[in-house]
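These protein sequence lines map, in sequence, to chains W and G.
Taking our numbering, the leading residue of the first sequence gets 595, the next gets one more, and so forth.
Taking our numbering, the leading residue of the second sequence gets 595, the next gets one more, and so forth.
Glycine included, each C-beta is placed from N, C-alpha and C at the ideal position.
2 protein chains.
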Amino acid sequence: MSDEYRDMWAGLGLDLPKHDRLLALLNEVYPPIYLEQPNRPEGLAYFDFVIGEIHGLRVKELLDHKKKGGKVFGTFCLYVPDEIITALGGISVGLCAGTDFSEADAEVDLPRNLCPLIKSFYGFKRGRICPYFEATDLVVGETTCDGKTKAYEFLGGMHPVYVMEVPHRKNDDTRKLWRTELDKFIVEAQKLTGNRLTHEKLRENVRLHNAKRRALQRLNALRWKNPTPISGKDALLVNQIAFYDDPSRFTASVEKLVEECERRVADGVGVFPKDAPRLMTSGTPFAIPNWKLHHVIETGGWPVVAEESCVGSRYFSGLVDESPGDLNGLLDAVARRYFDIHCACFTPNAERMDDIVDLCRKSGARGVINYTLSFCTPYLVEARHVENRLKKEGIPVLSLDSDYGMGDFGQLQTRIGAFVESL
Amino acid sequence: MSDEYRDMWAGLGLDLPKHDRLLALLNEVYPPIYLEQPNRPEGLAYFDFVIGEIHGLRVKELLDHKKKGGKVFGTFCLYVPDEIITALGGISVGLCAGTDFSEADAEVDLPRNLCPLIKSFYGFKRGRICPYFEATDLVVGETTCDGKTKAYEFLGGMHPVYVMEVPHRKNDDTRKLWRTELDKFIVEAQKLTGNRLTHEKLRENVRLHNAKRRALQRLNALRWKNPTPISGKDALLVNQIAFYDDPSRFTASVEKLVEECERRVADGVGVFPKDAPRLMTSGTPFAIPNWKLHHVIETGGWPVVAEESCVGSRYFSGLVDESPGDLNGLLDAVARRYFDIHCACFTPNAERMDDIVDLCRKSGARGVINYTLSFCTPYLVEARHVENRLKKEGIPVLSLDSDYGMGDFGQLQTRIGAFVESL
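What follows is the structure, encoded as structure tokens:
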């Protein structure tokens, strides 16, 4: 990395030696996991570049945006509405949360028996290791799960945090409350950005994010072809980068990759042998650099062809209705789109079971790896619903829970290998 | 137990051999923990009798009530408003949740890494070991924590369950939602009981439950005297029985005990030596028969003089304003009383820290044992807030987390002993 970046990181107050170790680690694991895959689409070069610049170029863009008076919003959850942030001239970035590198820093304040994603993001802030975090003007939290809800309190002692109430049941009253939460967030975001939300601006940004979602839908649907034109690991990478890259540039890059994959499909070119046993995952999110599960599966020779996950189908499946002719109507559509995400924080959450079955059928997966981050109570409990439903449908399922450590790598290989043999 | 009870349990569909083992276990642990305490107030005879009849007389009362067309509501949380249930002619009982006896039955459906209270109540239902559960017409759940929220889904497959949305932030919008939740619950409860809620009936029942809360306030305040006239274990027992006994009879029994304890205080009679190091607890609830922590502490010679807990001060501290002259106003008062309980499910929850400090000062406790049930994320995370605040106030604090197993009994003795020595 250039000296320019080092100055930038120092200016953000990062713990430079620790941050160096983090980047060194990332540079060490990325090539064997990613670059050594055979026959990757050329369009992935852009995404490799983004990873190579992970704490460099994009962070610089955020700071340039701030120099021009723009604001940066950090998020940890799909329920925070991106289109409102960008319509107000803000940039929305999903923050670092995928490694146990920051665990020790987190456990100064947080209990050990807590979801690794929460410990990861908290430790990144407390240990001053994440330039994205330091570049944000406001972190927007939500009450989706107990762990995040309570961790935001401690985060609020170190950084500006605004928390949105996400209800846990879906009915007319809670939909109304959620709509009110959007209004309140808009007031806060307008104050921070100094801009006013208009129908025109919001519609433009609804289109921007819908375009991104459509591009991801197309790319992810191509994975269902046989042979699959792109590895699950690479598709996961694209789905991960969606959270923090510039939306327009990202969409254009995904579309280029889509075209290439379409050509591959037409030519019968794949990255795994035709008819290799295909798997899909369901469950909790995969934040960068949490590639462990996909790496285990695909190293075994079995392509991952879909993720029912916040980093996956839950992120890009729903579109916002662009048609309402006034701001209020358009905000209703935005509220509806987000409230209709099928997260395990809701009770009941039966629609999610339908989503998993549907995605399994469409993707041609022969089995589902139902993956839960350790101590994620909503998904851990809901795993049994997933198993019951899939068994009823005659779809093989393997439930796993894991954290960000590498200690269970061999165990995962063994369990998944046995599962595939049983298919 | 009489044959009459065995027939009753069989009629409820209990697993009789398993239920026998549970009662045998309870009959084995109760005498050494409770009856062998020296110099207990005579008024405790009533509560010993209630425990002796734990699955007998009170269950028979519930069934007699049902025979006359009455309904029984089961609850697991302070947020379910008792006065509404009893005003509609229902009986409200807090259900069994304090033992690992039912853990194996729970883990058929629920993950191991889950709060023992949740596993306990779920296993009681799944294993058909709890006559109270089988006597309820409706279980009223709530969205206070992820674990319960999701476990109610599975419970709903075995038993009628109604879930109330408890929001996680306190503001005008969520207060309004909570008030609406009360209205919706009333509709449901009216349908079930066939009765209509009136101002007169509600006021009468607000007074009934306020009287119970006042009696518990008086009893628990007497524990702060030096020497303390009643052991923490015994006071805990009374606080536990509050959840399922007949409210009028219970209040009368507590008042009798209060008078006796007042005489003891006047006479300088106590159950521990004057000036023995006094402790209080803060944290998660103690469901029957979870007496482990108090037993460890008091066996060491240190009286427990207060519990900041759902089975403790959070249960009886707040009163409902009895003055509103119409039903709507009185329901507003009921809603307010419940919403003002300081549970860790809310963010932020700073008032709880004030409550703990206040209770510590009033009770003369020299230190706080901050107790959390394993895997209870809201209280586990909030424990650090408790520690931070108490350290700032100069109050010694020891944080522990534990489940219902006896494996850590010795470890708890060692840790608490070291803590008391450090005071």
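Burial state of G/T730, where buried means 16 or more other Cβ atoms lie within 10 Å:
buried
Check whether the Cβ of W/R545 lies closer than 8 Å to any Cβ atom in chain G.
The structure shown does not extend to residue 545 of chain W, since chain W is modelled only from 595 through 1017, so no value can be given for it.
What does DSSP give as the partner residue(s) for W/I950 in the beta ladder?
Looking at the DSSP assignment, W/I950 forms no beta bridge with any residue, so it has no partner.
I'd like to know whether the C-beta of W/A698 is nearer than 8 Å to at least one C-beta of chain G.
no
Contact test: G/Q811 Cβ vs the ligand SAH heavy atom, cutoff 7 Å
Absent from the structure shown: the ligand SAH. Ligands present: none.
Comparing the C-beta of G/D694 with each C-beta of chain W, is any distance below 8 Å?
no
Whose CA, out of G/A927, G/H936, G/W885, G/A938, lies closest to the CA of G/D694?
G/W885
Limits of the unbroken alpha helix (DSSP H) element including W/M602
Element bounds for W/M602: 597–605.
Measuring only the C-alpha atoms, how far is G/E945 from G/T768?
In this structure, the straight-line span from the alpha carbon of G/E945 to that of G/T768 is close to 17 Å.
Just grab the DSSP bridge partners of W/G688 for me.
BP columns for W/G688 point to W/T669.
How would you list, in chain order, the residues of chain W whose beta-carbon sits under 9 Å from the beta-carbon of G/N707?
Residues of chain W with a Cβ closer than 9 Å to the Cβ of G/N707 are, in chain order, N707, S968, F969, T971, L974, D995.
I'd like to check one pair, G/L791 with G/L921: are the Cβ atoms closer than 8 Å?
yes
Runs of 4 residues minimum, wholly inside the segment 969–1010 of chain W: which ones carry the alpha helix (DSSP H) assignment?
971–987
Leaving out five residues on either side along the sequence, give the residues of the same chain with a beta carbon under 6 Å from the beta carbon of W/R1045.
The shown model of chain W, from 595 to 1017, leaves out residue 1045 of chain W, and the question about it has no answer.
Kindly indicate if chain G contains any beta-carbon less than 8 Å away from that of W/P918.
no
Indicate whether at least one CB of chain G lies closer than 8 Å to the CB of W/Y726.
It does not: the Cβ of W/Y726 has no partner Cβ on chain G nearer than 8 Å.
Going by C-alpha to C-alpha distance, which of G/G721, G/S993, G/S996, G/G650 sits closest to G/Y838?
If we check each option's Cα against that of G/Y838, G/G650 comes out closest.
Continuous beta strand (DSSP E) assignments of at least 3 residues falling wholly in the segment 903–972 of chain G:
961–967
Of all the options G/I712, G/I950, G/R807, which has the alpha carbon lying nearest to the alpha carbon of G/H979?
G/I950
Could you give the residue range of the alpha helix (DSSP H) that holds G/G717?
710–720
With a cut-off of 8 Å, does the C-beta of G/G717 fall near any C-beta of chain W?
Against chain W, the CB of G/G717 has no partner CB under 8 Å away; the residue lies outside that interface.
Note down, in chain order, every chain W residue with its Cβ under 9 Å from the Cβ of G/C739.
Simply D740, T971.
Can you tell which of G/D840, G/R960, G/L682 has its C-alpha closest to the C-alpha of G/Q784?
G/L682
To which residues of the same chain is G/H889 closer than 6 Å at the C-beta, ignoring the five residues directly before and after it?
Result list for G/H889: I627, in chain order.
Identify the continuous beta strand (DSSP E) that holds G/L732 and give its terminal residues.
732–736
For W/P710 and W/T738, what's the separation of their Cα atoms in angstroms?
Computed Cα separation, rounded: 16 Å.
Please list the segments of the alpha helix (DSSP H) lying wholly inside the segment 834–858 of chain G, counting only runs of 4 or more residues, in order along the chain.
none
Local conformation of G/D893 per DSSP, three classes:
Rather than Asp, the amino acid found at residue 893 of chain G in this sequence is Thr. Three-state result, G/T893: helix.
If contact means a Cβ-Cβ distance below 7 Å, which residues of the segment 782–802 of chain G contact chain W?
Answer set for the segment 782–802 of chain G: empty.
Just to confirm the assignment, what range does the alpha helix (DSSP H) spanning G/T822 have?
Here G/T822 belongs to no alpha helix (DSSP H), and DSSP marks it neither H nor E.
Rounded to a whole number of angstroms, what is the C-alpha to C-alpha distance between W/A1012 and W/E794?
54 Å
In angstroms, rounded to a whole number, what distance separates the CA positions of W/T875 and G/D614?
44 Å
Nonlocal neighbours in the same chain, by C-beta distance under 8 Å from W/L704, ignoring five residues either side:
I712, K713, Y716, A745, F748
As assigned by DSSP and simplified to three states, the class of W/V899:
For W/V899, the secondary structure class from DSSP, reduced to helix, strand or coil, is strand.
My guess is that W/T669 and W/L802 are in contact by the Cβ rule of under 8 Å, so how many angstroms apart are they, rounded?
Contact flag wrong, Cβ pair sits at about 16 Å.
Does the segment 756–764 of chain W come close enough to the segment 762–782 of chain G that 3 or more CB-CB pairs lie under 8 Å?
With the cut-off at 8 Å, the segment 762–782 of chain G and the segment 756–764 of chain W touch.
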